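> Below: one structure in structure tokens.
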Amino acid sequence: MLKSMTGYGKGELSTPLGTFLVEIRSVNHRYGEISVRLPRSFYQFENDIKRLASASLKRGKIDISVQWDESAAAVATPQVDMAVARGFFDAYKRLAKELNLPQDAPLSYIMSLKGVMKEGAGTVVDASELQPQLLAAVEAAVAALDAMRTREGEALALDLQGRRQQVAEWAASVGGRTAQVVGEYRQKLKTRLDQLLDGAEMDEGRLAQEVALLADRCDITEELVRLSSHFSQFDEALSSDEPVGRKLDFLMQEMNREVNTIGSKSNDAGITNLVIQIKAEMEKMREQVQNVE
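Here the sequence shown is numbered in our numbering, starting from 19 and rising by one per residue.
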């Protein structure tokens, strides 16, 4: 089943100590590149997250963002050491009286002095105990992203199938037109020789030789056979369960090479117009293939 390389997924998981929110975004990339943004206390799990994501997401530039919001129970509430604060305040008042200064001590100044404010006990968060919940949130986000990439892949497959069928129809028309071109060339050449010879006897052997040379120069049988083979491989890739983006890209290059050769051999306006249409459609296919995983 074809998958796109673009998409978004989100996973969320709550624990008594807090909540994990994981967001994943992916865009086109030639290879698989995963970057992870984590809170500092969970840095040790970066490789675990990458391994989990890469098991499902083979290609694309993938950005994973992890947020951790602690619950009220886990947040340490600052505590005031009243004895220390009172000691600083009394000392301030004595010094102010001795120096004949205002005795009102600013509250912000007292709170800023060492030992007045202390960190509360709170709940100590052990990151290793939260690893399963973190990875579960990542897994949920990856699954959501993968589902979105699959839906977009289905649309891509339908579009590519339709365009491939159109290209095949035009290629068949090119093959049919080639046979007519040789016959038309023979008739035009014969008519011209009749005019030049003005009733003199025509060398049928020479005429046949010229027609044979043209037929050889215009022969695109091999190109059409290879093109048909590429079409079959393209269809097989579209129905594959494996990532086939690179294979499809390679097939598009090969198909384009055959069509260019056909165009270079053509000396017929009808075939040239068909080749132009084929190349325009294949360019649209190539752009779509760039989105395939």
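Built from N, CA and C at the ideal position, the CB exists for glycine as well.
Remember, it's a predicted structure, so these values are computed and weren't measured experimentally.
On the three-pair Cβ rule with 8 Å, is the segment 252-268 touching the segment 295-302?
No, because fewer than three Cβ pairs between the segment 252-268 and the segment 295-302 fall closer than 8 Å, the two stretches do not touch.
> Is any heavy atom of the ligand MG found at a distance shorter than 8 Å from the C-beta of A101?
As for the ligand MG, it is missing from this structure, which has no ligand bound.
> Beta-carbon within less than 7 Å of Q179's beta-carbon, same chain only, minus the 5 sequence neighbours each way: which residues are those?
L256
> In its own chain, which residues sit with a C-beta less than 6 Å from the C-beta of T37, not counting the 5 before and 5 after it?
D87
> Pair every Cβ in the segment 190-198 with every Cβ in the segment 51-64, then say whether three or more of these pairs are closer than 8 Å.
no
> Counting Cβ pairs, one atom from each stretch, are 3 or more of them under 8 Å apart for the segment 62-79 and the segment 92-111?
no
> Can you tell me whether DSSP reads I80 as helix, strand or coil?
strand
> Give me the Cβ distance between L31 and A162, rounded to the nearest whole Å; I'm assuming they're in contact under 8 Å.
The Cβ separation is near 13 Å, so there is no contact.
> How far does the beta strand (DSSP E) with K111 in it reach, from first residue to last?
K111 -> not in any beta strand (DSSP E); alpha helix (DSSP H) instead, spanning 100-116.
> Pop quiz: Q306 and L174 are said to be a contact at Cβ under 8 Å. What is the actual Cβ separation, rounded to whole angstroms?
6 Å
> Classify G133: buried if its beta carbon has 16 or more other beta carbons within 10 angstroms, exposed otherwise.
G133 should be labelled exposed.
> Below 6 Å CB to CB, which residues in the same chain sit around Y26 once its five sequence neighbours on both sides are set aside?
R43
> Expressed to the nearest angstrom, what Euclidean distance is found between the alpha-carbon atoms of A114 and A101?
20 Å
> Between A189 and S284, what straight-line distance do the alpha-carbon atoms span, to the nearest angstrom?
13 Å
> Checking 9 Å against the spacing of the C-beta atoms, do V310 and K21 come in under that value?
Yes. Within cutoff.
> From Q308 to S53, what does the alpha carbon distance come to, in whole angstroms?
21 Å
> When the Cα atoms are used, what is the spatial distance from K136 to Y127?
15 Å
> How about A73 and I82: are their beta carbons less than 9 Å apart?
no
> Looking at the strands, I want to know which residues DSSP matches up with E30.
L39
> S247: which of L75, R48, R182 sits nearest, CA to CA?
R182
> Which residues in the same chain have their Cβ closer than 6 Å to the Cβ of E45, if we skip the five residues on either side of it in sequence?
The identity of residue 45 in the sequence shown is Val, whereas the question assumes Glu. Closer than 6 Å at Cβ, skipping near neighbours: T24, K79.
> Can the beta-carbon of Q85 be found less than 9 Å from the beta-carbon of E41?
yes
> Name the two residues that bound the continuous alpha helix (DSSP H) containing I67.
64-72
> Considering only residues of the segment 257-284, which uninterrupted beta strand (DSSP E) runs meet the minimum length of 3 residues and lie entirely inside it, listed in chain order?
List check, beta strand (DSSP E) in window: nothing returned.
> Looking at the secondary structure, which residues open and close the beta strand (DSSP E) in which V307 lies?
Where V307 is concerned, there is no enclosing beta strand (DSSP E), although the alpha helix (DSSP H) it sits in stretches over 287-307.
> Helix, strand or coil: how does DSSP classify I238 here?
coil
> Can you list the beta strand (DSSP E) stretches of 3 or more residues lying completely in the segment 129-196, in chain order?
none
> Just the Cα atoms here: how many angstroms apart are V243 and F249?
One alpha carbon belongs to V243, the other to F249, and they sit about 10 Å apart.
> Considering Cα atoms alone, identify which of A103, K68, L245, V185 is closest to L56.
K68
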